[in-house]
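Structure first, commentary second.
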Amino acid sequence: MNVTTEKIENHKVVLTIEVPAEELDKGIKAACKSLANRVNIPGFRKGHAPRRILEMHIGKEAIMDEAFDRVAQKAFDAALKQENLDPVDRPQVDIVTLEEGKDVVFKATITPVPEVTLGEYKGLKVAKDAVVVTDEQIDEQVQNILNHHAKMIDAEEGAAVANDDFVTLDFKGEVDGVAFPGGEGKDYPLQIGSHSFIDTFEDQLVGLKVGEEKDVNVTFPEEYHAKDLAGKAAVFHCKINSIKHKQMPELTDEFVKEHTSYENVEDMKAKL
Numbered sequence: 000m001n002v003t004t005e006k007i008e009n010h011k012v013v014l015t016i017e018v019p020a021e022e023l024d025k026g027i028k029a030a031c032k033s034l035a036n037r038v039n040i041p042g043f044r045k046g047h048a049p050r051r052i053l054e055m056h057i058g059k060e061a062i063m064d065e066a067f068d069r070v071a072q073k074a075f076d077a078a079l080k081q082e083n084l085d086p087v088d089r090p091q092v093d094i095v096t097l098e099e100g101k102d103v104v105f106k107a108t109i110t111p112v113p114e115v116t117l118g119e120y121k122g123l124k125v126a127k128d129a130v131v132v133t134d135e136q137i138d139e140q141v142q143n144i145l146n147h148h149a150k151m152i153d154a155e156e157g158a159a160v161a162n163d164d165f166v167t168l169d170f171k172g173e174v175d176g177v178a179f180p181g182g183e184g185k186d187y188p189l190q191i192g193s194h195s196f197i198d199t200f201e202d203q204l205v206g207l208k209v210g211e212e213k214d215v216n217v218t219f220p221e222e223y224h225a226k227d228l229a230g231k232a233a234v235f236h237c238k239i240n241s242i243k244h245k246q247m248p249e250l251t252d253e254f255v256k257e258h259t260s261y262e263n264v265e266d267m268k269a270k271l
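At position 259 of the sequence shown (counting the first as 1) the number is 258 in numbering that gives the first Met the number 0, and the numbers step up by one without a gap.
What follows is the structure, encoded as structure tokens:
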């Protein structure tokens with residue numbers, strides 16, 4: 000793995016990370032295994048569909064995206080350690096090269112912890128401000144706990160897709176009436192509002208019911224990693240196969256005692 004760094008304005012650092020093609024190959028294999036375990040493909044047990052069948056159902060793009068996530072995270076962590084950098088924020092990642100059989104190249108822009116030179120500090124007196132936690136902050140933490148223990152349930156019959164719903168769908172994309180590699184998926188799992196797909200794609204699925212179909216019109220971004228699709232308009236023929244909602248647990252003393260280290264709701268809110 001090769002890493003170069005460049006300091007830019009606003010105290011940011013750009014890491015250009017190059018990962019050998021062999022690592023991408025391993026990432027693709029791991030991604031195929033993971034995706035095969037999460038997608039229902041007729042005629043195959045979960046986890047046993049070969050790659051070519053998987054590509055036909057969910058598209059090569061989905062496999063490459065997952066493979067990149069696996070490879071990039073590992074390489075990014077190693078690069079930080081190698082360059083002795085400690086970021087204070089999440090990296091902004093830009094893919095330079097992502098193509099099977101070639102080295103992966105991507106840029107990660109971070110804001111590192113600044114170097115500080117201590118002046119004379121002995122004998123200084125500092126006023127300690129009281130930490131004030133708002134009700135909104137407590138409610139947010141409580142909501143995070145409830146979200147963590149939420150259950151997925153099938154939507155009632157006749158329900159329409161809404162934001163935050165979890166759906167499975169079939170889709171087939173075309174540019175100028177011609178299908179393109181990686182543009183097709185079967186029973187693909189998607190959370191509406193997760194922004195996993197191209198801008199406006201998920202928004203256009205809102206309101207559909209199970210079994211309904213719709214042509215979704217989108218435009219690939221100019222910086223899209225597949226250069227032959229960048230900036231082009233596309234139509235995805237979509238069909239909703241299932242809709243699930245997230246069912247939140249009720250906040251009770253019993254729930255708190257069973258799922259947290261607190262005694263009851265009052266105790267939890269007092270200590271958060």
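Beta carbons: idealized from backbone N, C-alpha and C, even for Gly.
C-beta contact flag for residue i and residue j at 8 Å
{"i": "ALA20", "j": "ARG69", "result": "no"}
{"i": "VAL87", "j": "ALA107", "result": "no"}
{"i": "PHE200", "j": "VAL215", "result": "yes"}
{"i": "GLN246", "j": "LYS150", "result": "yes"}
{"i": "VAL209", "j": "ASN162", "result": "no"}
{"i": "LEU97", "j": "HIS10", "result": "no"}
{"i": "LYS268", "j": "CYS237", "result": "no"}
{"i": "ILE27", "j": "ILE62", "result": "yes"}
{"i": "LEU228", "j": "GLN140", "result": "no"}
{"i": "GLU82", "j": "VAL2", "result": "yes"}
Enclosing beta strand (DSSP E) for residue i [first to last residue]
{"i": "ILE94", "result": "91–96"}
{"i": "ILE242", "result": "232–246"}
{"i": "GLU5", "result": "1–7"}
{"i": "LEU84", "result": "Run containing LEU84: none; DSSP gives neither H nor E here."}
{"i": "VAL215", "result": "212–218"}
{"i": "ASP153", "result": "150–153"}
Close beta carbons around residue i, own chain, < 7 Å, minus the five adjacent residues each side
{"i": "ALA74", "result": "MET0, ILE16, VAL18"}
{"i": "ALA71", "result": "VAL92, PHE105"}
{"i": "ALA77", "result": "MET0"}
{"i": "PRO248", "result": "LEU145, HIS148, ALA149, PHE254"}
Residues near residue i in its chain [Cβ-Cβ closer than 8 Å; skip 5 each side]
{"i": "ILE7", "result": "VAL13, THR108"}
{"i": "VAL205", "result": "ALA159, VAL160, ALA161, ASN162, ILE191"}
{"i": "LEU168", "result": "GLY184, ASP186, TYR187, LEU189, LEU204, CYS237, LYS238, ILE239, ASN240"}
Counterpart residues of residue i in DSSP-defined beta bridges
{"i": "LEU189", "result": "VAL166"}
{"i": "THR15", "result": "THR3, LYS106"}
{"i": "ALA20", "result": "For ALA20, which the question treats as bridged, DSSP gives no partner whatsoever."}
{"i": "LYS171", "result": "GLU183, HIS236"}
{"i": "ALA159", "result": "LYS208"}
Bounding residues of the alpha helix (DSSP H) (the contiguous stretch that carries residue i)
{"i": "ILE40", "result": "Element bounds for ILE40: n/a, residue is neither H nor E."}
{"i": "VAL264", "result": "264–270"}
{"i": "ILE197", "result": "Counting along the chain, ILE197 falls outside any alpha helix (DSSP H), and DSSP gives it neither H nor E."}
{"i": "LEU145", "result": "134–147"}
Whole-number beta carbon distance between residue j and residue i, since they are thought to touch under 8 Å
{"i": "ASP164", "j": "LYS243", "result": "7 Å"}
{"i": "ASP85", "j": "VAL112", "result": "5 Å"}
{"i": "ILE57", "j": "LYS185", "result": "7 Å"}
{"i": "VAL166", "j": "VAL174", "result": "Not a contact, Cβ separation roughly 24 Å."}
{"i": "LEU23", "j": "GLU65", "result": "The pair is not a contact, with the Cβ atoms about 12 Å apart (cut-off 8 Å)."}
Own chain, CB closer than 6 Å to residue i, minus 5 neighbours either side, in chain order
{"i": "GLU257", "result": "none"}
{"i": "PHE67", "result": "LEU97"}
{"i": "LYS59", "result": "PRO180, GLY181"}
{"i": "LYS45", "result": "ASN36"}
{"i": "ALA232", "result": "THR218"}
{"i": "ASN39", "result": "ASP186"}
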